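Okay, so here's the structure we're looking at.
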Amino acid sequence: MSLAATERAEATLRMRPLRDARFTTLLAPALLGVATIGLWQLVVDVFNIDAFIVPSPQSIWSEFLDSRSSIWHGMLGTGRNALYGLLIGAALGILGALVANAVKVIDLMAVPIVAALSVVPIVALAPVLYTMFGAAANTARVIVAALTVIIPVYVNTLRGLRQVKVVHRELMHVYAARPVFVARAVTLPTASPYVFTGLRIASSLAVISALIAEYFGGPVDGLGKAITTAASSSNYPLAWAYVLGSILLGLAFYVVTLLVELRVARHSSPSTSTVSL
Amino acid sequence: MTHALTDDAVTKDGCAIRASGVGRVFAGTKGHQVIALDDVHLEVAEGEFVSLIGPSGCGKSTLLRIVADLDHPTSGSLTVFGKSTHQARVDQDYGIAFQQAGLLPWRTVAANVGLPLEVHGVARSDRQTRVEELLELVGLTDFARSYPDQLSGGMQQRVAIARALAESPRLLLMDEPFGALDEITRERMQAELVRICSETGAAVLFVTHSIPEAVFLSDRVVVMTPRPGRIIEIVDSRPTAGHARDDEFRDAEEFFHTIARVRELLHGGPVAAARGVETR
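Pasting the structure below:
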């Protein structure tokens, strides 16, 4: 019994990679970061480089602190568009994959469309969408973000849905389970690691595309708009401070998705379902 | 068979499975046809333990899959409790266990055992009570909240058996459930299965390729031969009166005698004469 308890403890540990992180795994990248910023500052100071080429980290940071309320405001604006886009796109992607998985014909019909969509530079649609939905609304930005999200979520979810084991499928058949139950109890949990891979890719993409879409017009709130405005008024440290804000926003999206994944998908890694003797 | 017939799953003739002239032909490569089953007649009475044994390709798993409505015969007919296999499946007249435990890795042991109950809308509190009973039956009460990947292969298989028993089926279908286990675990699982069957009174259709396993567990052993898959003979393997199916039975003379008989049938002649000779 104590052996089983140990095994259980080990298994639990395995499922929480974050807790397993060593001090050195945090220290090494932190050191590299500090060294890089230090070198950057040094180079700018020593060679007296102009701010319009590269501003110093110090000036960016002081701009960041001075304008933190407007950066925060911009993060909220862009973040909201990215979040709506992410949610809508993810829902459509997952739904589409479920349908394509269930109906073979739709899957086959979707293949060329997905291939075509994945090479379209979707942000380039932004000007067209602004004309369609009006430049005073955020609709175009949300749509751009959603469109970028759909493809990776769809492709990964569909791959995940195909990982359902024969024995699980037959079990559900023998139970005469309804399709909705099968999806909830077997198909989606099987697919969830793949869905989350798609979502992780999509979460950063949503922020990037929502932000870039602001370059092409629309209302004045948002980081993308702020970056272009600051740059056009030659306030380069401020433009970079907004860039720092968008990095933080992208990271926040990524980390939140990762945390949700760790919480939801803990027992569904493929390696854990093998029979050990 | 003159029980009071209260359960609508019970047929008047007391037959759990009735196969008459069942055949299954697969379309093979290059237009070849593979006859997986040919003219199989078999009746499994209620509460009876019947094993299907034979070399790979003899159609034993195919027969079980037909009973479970996972496959369909190309000729003949097969009924489960007097109903079509489809109806029996919809009515959930049987439980099933495969060679792979097939547990859902993201569910706890308790949630895995309760899965069929959940599919069929049993209320949560009833489900909990039943799952506790079942886990006690297979000796895994302490592991209710564990996840499958934290259990050994034998324990996982016990969870799968508990799951198969969840709805107290009158028929259990088992496709080499102990095939992936080591010999020691296997014998212990066999003993547990004997106990569980005597406690629940369920009929069992058991696919295996272990002769001792078939003889130890079964009332009757159905010996099958491949290409085409046919029944050669059905060997009665009930212990004689006064004998129980326990570890002592494994040492009994009649046990060895029946094993020798089944082996002879599988080799197509007396074993001594067949030694070293390709008999297939």
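Line by line, the protein sequences give chains L and A. Counting in my numbering, the first sequence runs from 1 upward without gaps. Counting in my numbering, the second sequence runs from 278 upward without gaps. Beta carbons are placed, not taken as given, at the ideal position from N, Cα and C, and that holds for glycine. On a predicted model such as this, the values are computed, not experimentally measured, just so you know.
Of the candidates A239/L, L211/L and V149/L, A239/L places its Cα closest to the Cα of S62/L. As the crow flies, the alpha-carbon of V484/A is around 24 Å from that of G305/A. Note on geometry: alpha-carbon atoms of I294/A and L314/A lie some 16 Å from one another. By the criterion of at least three beta-carbon pairs nearer than 8 Å, the stretch 83 to 101 of chain L is in contact with the stretch 146 to 153 of chain L. Counting only the Cα atoms, E261/L lies some 54 Å from R540/A. Contact annotation: E325/A and D496/A have beta-carbon atoms nearer than 9 Å.
Residues of chain A with a Cβ closer than 7 Å to the Cβ of E261/L do not exist; the shortest Cβ-Cβ separation is about 13 Å. Nearest to P382/A by C-alpha distance, out of I312/A, Q369/A, P446/A and R422/A, is R422/A. With the rule of 3 Cβ pairs closer than 8 Å, the stretch 429 to 439 of chain A counts as touching the stretch 403 to 415 of chain A. Remark: three or more beta-carbon pairs, one from each stretch, lie closer than 8 Å, so the stretch 159 to 178 of chain L and the stretch 339 to 352 of chain A are flagged as touching. K104/L counts as exposed, since fewer than 16 other beta carbons sit within 10 angstroms of its beta carbon.
The straight-line gap separating the alpha-carbon atoms of A82/L and V481/A is approximately 57 Å. Classified as buried, E490/A has 16 or more neighbouring CB atoms from the shown chains inside 10 Å of its CB. As for any beta strand (DSSP E) of minimum length 3 sitting wholly inside the stretch 497 to 533 of chain A, the runs are 497 to 502 and 507 to 513, ordered along the chain. For the options G74/L, G79/L, P127/L and L158/L, the alpha carbon positioned closest to that of V114/L is the one of L158/L. Runs of the alpha helix (DSSP H) spanning 4 or more residues and lying entirely within the stretch 202 to 240 of chain L occur at 223 to 232, in chain order. Inclusion of A241/L and I60/L in the CB contact set at 9 Å is warranted, their separation being smaller than that value. Taken through DSSP and simplified to helix, strand or coil, K307/A comes out as helix. For T477/A, the uninterrupted alpha helix (DSSP H) run begins and ends at E460 to T477, by DSSP.
The stretch 122 to 142 of chain L makes no contact with the stretch 177 to 186 of chain L; the number of CB pairs closer than 8 Å stays below 3. Its Cα nearest to that of Q434/A, the residue V386/A stands out among V386/A, R401/A and T339/A. Here E323/A is not near G359/A, since their CB atoms are 9 Å or more apart. DSSP places A185/L outside any alpha helix (DSSP H), giving it a letter other than H or E. Around the beta-carbon of R263/L, fewer than 16 other beta-carbon atoms lie within 10 Å, marking it exposed.
Within chain A, the residues placing a beta-carbon under 9 Å from that of P189/L are L381, P382, W383 and R384, ordered along the chain. A direct Cα-Cα distance of roughly 12 Å separates P121/L from A145/L.
Membership of D403/A in the alpha helix (DSSP H) is indicated by the continuous run R401 to L414. Annotation for S204/L: G250, F253 and Y254 place their beta carbon closer than 8 Å to its own, counting only its chain and skipping 5 residues before and after. Residue pairing by DSSP places M451/A opposite A374/A and F483/A in a beta bridge.
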